[in-house]
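Numbering follows this note's numbering, in which position 187 of the sequence shown is assigned residue number 187; successive positions increment by one, without gaps. Notes follow the structure.
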Amino acid sequence: MSSTAQPDGAAGEWPERIAAVRRELAEHGPPRTPDGAPDFATVSLPERDCDQVRDLLVDERAGTVVEIGLAYGASALAVGEALLRAGSRTPRHVVIDPFQYTAYDGVGWELLCSAGLDGVAELVTEPSQGFLARLADVGFAADAAFVDGSHHFHNVFVDLHFLGGIVRPGGIVLLDDVWWPSVGAAAAYFEINLGWSPVPGALAGGTTDPASGRPRTRAYRLPDPQPTPDFKEFRPFC
């Protein structure tokens with residue numbers, strides 16, 4: 001995959017092209033919804049939350065992002081826009097979704113391509129837990145990650161474990177649906193035992209659970225340097 005390819009037109013117009021695709025998706029939904037596919041509004045990050053993800057990644061000057069979960073492409077478009085607005089000369093976006101061509105019939109990837117992001121993004125259609133292990137093994141490094149994949153505790157835990165070795169020290173991991181107990185519990189381990197710290201003020205004003213007030217999405221900053229605590233120092237996290 002080339003990370004320098006640009007669509008037709010001036011480079012400065014590229015982020016605006018992506019923003020236009022994002023607006024169209026938010027206002028009218030995906031161009032098609034495959035039979036039996038999850039509902040767009042249910043699985044997609046709301047537009048204002050996507051805006052906040054974009055702005056945070058721009059502030060972080062992220063050049064390489066790993067994303068788990070593509071679905072209809074709402075958050076991936078926001079990440080792609082952020083990578084271009086952040087000014088990296090070699091932006092790279094690794095998107096992992098084993099269900100993109102089964103449950104979603106490729107709709108999310110088609111939208112990324114329509115925004116010209118196929119020169120920046122690459123789609124991996126295998127489970128994240130195995131692929132992330134290989135990324136970590138070859139020393140792949142990212143500035144940030146956005147996680148919205150499996151919501152089973154064990155899968156979220158494994159995703160975060162490997163991302164802890166992939167995202168650079170001091171980088172950020174954004175985790176969607178932390179209001180689900182399984183997802184929040186996995187995040188709590190890394191916060192309590194490995195020093196991942198919520199980024200102050202990040203994603204403020206985003207979607208919250210009406211019942212509990214808990215945020216839907218949280219951003220964590222990885223410690224620098226990252227600790228390797230003794231197993232005797234384990235602290236319960238649930």
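Glycine included, C-beta positions come from ideal geometry on N, C-alpha and C. Predicted model only: the values in this text are computed from it and were never measured.
query                                                                                             : result
Exposed unless 16 or more other CB atoms sit within 10 angstroms - verdict on S197                : exposed
Under 8 Å between C-beta atoms of E81 and R22                                                     : yes
P127 versus S150, V107, A121 and W109, residue with shortest Cα-Cα distance                       : S150
Buried or exposed by the 16-neighbour rule on C-beta atoms within 10 Å, applied to C50            : buried
Close beta carbons around V158, own chain, < 6 Å, minus the five adjacent residues each side      : Q129
Rounded C-alpha distance that separates L175 from A145                                            : 8 Å
G116 and L70 closer than 8 Å at C-beta                                                            : no
Meets three-Cβ-pair contact criterion under 8 Å: the stretch 91 to 106 and the stretch 26 to 38   : yes
Through-space distance from W14 to L84, alpha-carbon basis                                        : 8 Å
Bounding residues of the alpha helix (DSSP H) (the contiguous stretch that carries P15)           : W14 to H28
Cβ pair count under 8 Å reaching 3, the stretch 46 to 64 against the stretch 212 to 222           : yes
Residue environment, T208, which counts as buried when at least 16 other CB atoms sit within 10 Å : exposed
Cβ-Cβ separation, L132 to Y72 (assumed contact under 8 Å), whole Å                                : Not quite, the Cβ-Cβ distance comes to about 22 Å (not below 8 Å), so this is no contact.
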